[in-house]
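Encoded as structure tokens, the structure appears first; notes follow it.
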Amino acid sequence: MTQTSLLGMSLAELEGLCADEGMPRYTAKQMCDWLYAKHVDSIDAMTNLSLKARNRLKEIAVIGRHYPVNCQVSCDGTKKYLFQKSDDPSQYIESVFIPDGDRGTLCVSCQAGCKMGCRFCVTGQQGFHGNLSVTDILNQIFSIPEAPQLTNIVFMGMGEPMDNLDNVLRSTEVLTSPWGLGWSPHRITVSTVGIIPGLKRFLDESQCHVAVSLHNPFAKEREDIMPMQKAYPIADVVALLRQYDWSGQRRISFEYIMFRGLNDDTRHAAELVRLLKGLYCRVNLIRFHSSPDTPFKTSLPKDMERFRDYLNAHGVICTIRASRGEDIMAACGLLAGKNQ
Ligand code: SF4
8 MTQTSLLGMS LAELEGLCAD EGMPRYTAKQ MCDWLYAKHV DSIDAMTNLS
58 LKARNRLKEI AVIGRHYPVN CQVSCDGTKK YLFQKSDDPS QYIESVFIPD
108 GDRGTLCVSC QAGCKMGCRF CVTGQQGFHG NLSVTDILNQ IFSIPEAPQL
158 TNIVFMGMGE PMDNLDNVLR STEVLTSPWG LGWSPHRITV STVGIIPGLK
208 RFLDESQCHV AVSLHNPFAK EREDIMPMQK AYPIADVVAL LRQYDWSGQR
258 RISFEYIMFR GLNDDTRHAA ELVRLLKGLY CRVNLIRFHS SPDTPFKTSL
308 PKDMERFRDY LNAHGVICTI RASRGEDIMA ACGLLAGKNQ
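In the numbering used here, each residue's number is its place in the sequence shown (first place is 1) plus 7.
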């Protein structure tokens, strides 16, 4: 019999489980408290549940917590954790903890590998090896030693969140619900290459921030590095985003990895301004991190600064994002999910 994983279940789902098992309804609230406020990793630790209830739960369920099998530490304090996929331990996924003063950000994965095939991305070059369950997504957040220090979560690790949207939305529901962690949705950012049907649903059903991977404003040039451009042109993605109000607390940002000689001249900056003009947003320029076997090179710092200044001078807020964890292959586009 397959055992249910409790981590990731909503209060309503736990109430349903209690009803099925003849347990009092309030047991579900107690279980939420143990799972999400007290972070227990065993059913035995739920000590205010009756012994009978705990024994029955152990027959039909597990918490679903498992600890990282490896951790690499960067010279800048960034840590890269390696986890096994719980339903297929031959597959590995990675999460990156980025400390920054009072902030502790965790970059989580939502898939093993990825279907999107972005040509500059190590994950994308590995192909797709399965969606992560809500339990495996949340486990990355709950099972690292820095869990109590986390202030922000970004879904920018391995995989495309809109391609595993049910489980991403279920995990953000746990993070933001009063019966879960009770976080503001504005502490969470979900990235996408712009899968329009998923993005539309996400915009309608969630209040979390959104980050769109843009990387080139010209359709043909973007398609050369991001095959999904063909199905979901960036112009259509931006048109969809313009239908929503971004003047409040919810933010939209565009990630722009800078490749030397490919997307970093004034022609690109001018087209980016034209594409984004009037949209409340921010553009984050990211230095490309070379990996073996890639033909791409990173832009020169002076070209990144010129690009940033052009955008800011033309009304598009733009910053150069600090690069973290490069020495342990933890930076953007380098997650390989390999047990070394
Ligand atoms: Fe997938 Fe993101 Fe890599 Fe593109 S950049 S292949 S969407 S993981």
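In this text, a Cβ means the ideal position worked out from N, Cα and C, and glycines have one as well.
Opposing strand residues paired with residue i [DSSP bridges]
i: P106; result: G111
i: A218; result: S198, S260
i: T11; result: A68
i: R294; result: M265
i: I100; result: F90
i: C325; result: V290
i: F225; result: Note: F225 sits in no beta bridge, so no partner.
i: D95; result: K92
i: N353; result: Given a span of 8 to 347 for the chain in the structure shown, any question on residue 353 remains unanswerable.
i: G120; result: F135
Exposure of residue i, with buried meaning 16 or more beta-carbon neighbours within 10 Å
i: E167; result: buried
i: V47; result: buried
i: P224; result: buried
i: S49; result: exposed
i: G134; result: exposed
i: C365; result: Residue 365 is absent from the structure shown; the chain starts at 8 and stops at 347.
i: G201; result: buried
i: K86; result: buried
i: L221; result: buried
i: N174; result: buried
i: E101; result: buried
i: A238; result: exposed
CB contact below 9 Å: residue i versus chain D
i: V245; result: Here there is only one protein chain, and chain D is not present.
Among the options, nearest to residue i - alpha-carbon criterion
i: L172; options: M165, G187, N138, S184; result: N138
i: I195; options: G201, E28, I151, Q256; result: Q256
i: E66; options: V161, Y251, L24; result: L24
i: A242; options: W253, S298, E230; result: E230
i: L286; options: S297, E262, S254; result: S254
i: A277; options: R313, K122, L13; result: R313
i: P299; options: L341, M311, M38; result: L341
i: G131; options: M165, R208, P96; result: M165
i: I70; options: D51, T326, Q236; result: D51
i: I324; options: V290, A337, K309; result: V290
i: L113; options: A44, G84, W186; result: G84
C-beta atoms of residue i and residue j nearer than 9 Å
i: L247; j: I203; result: yes
i: V219; j: R177; result: no
i: H136; j: Q118; result: yes
i: T259; j: H321; result: For clarity, residue 259 is Ile in the given sequence; the question names Thr instead. Not closer than 9 Å, so no.
i: S306; j: F266; result: yes
i: R63; j: E22; result: no
i: Y263; j: L279; result: yes
i: L145; j: M169; result: no
i: G344; j: Q10; result: no
i: S297; j: S184; result: no
i: R328; j: M233; result: no
Legend entry - Contact the stretch 264-282 vs the stretch 152-167: 3+ CB pairs below 8 Å: The stretch 264-282 is not in contact with the stretch 152-167.
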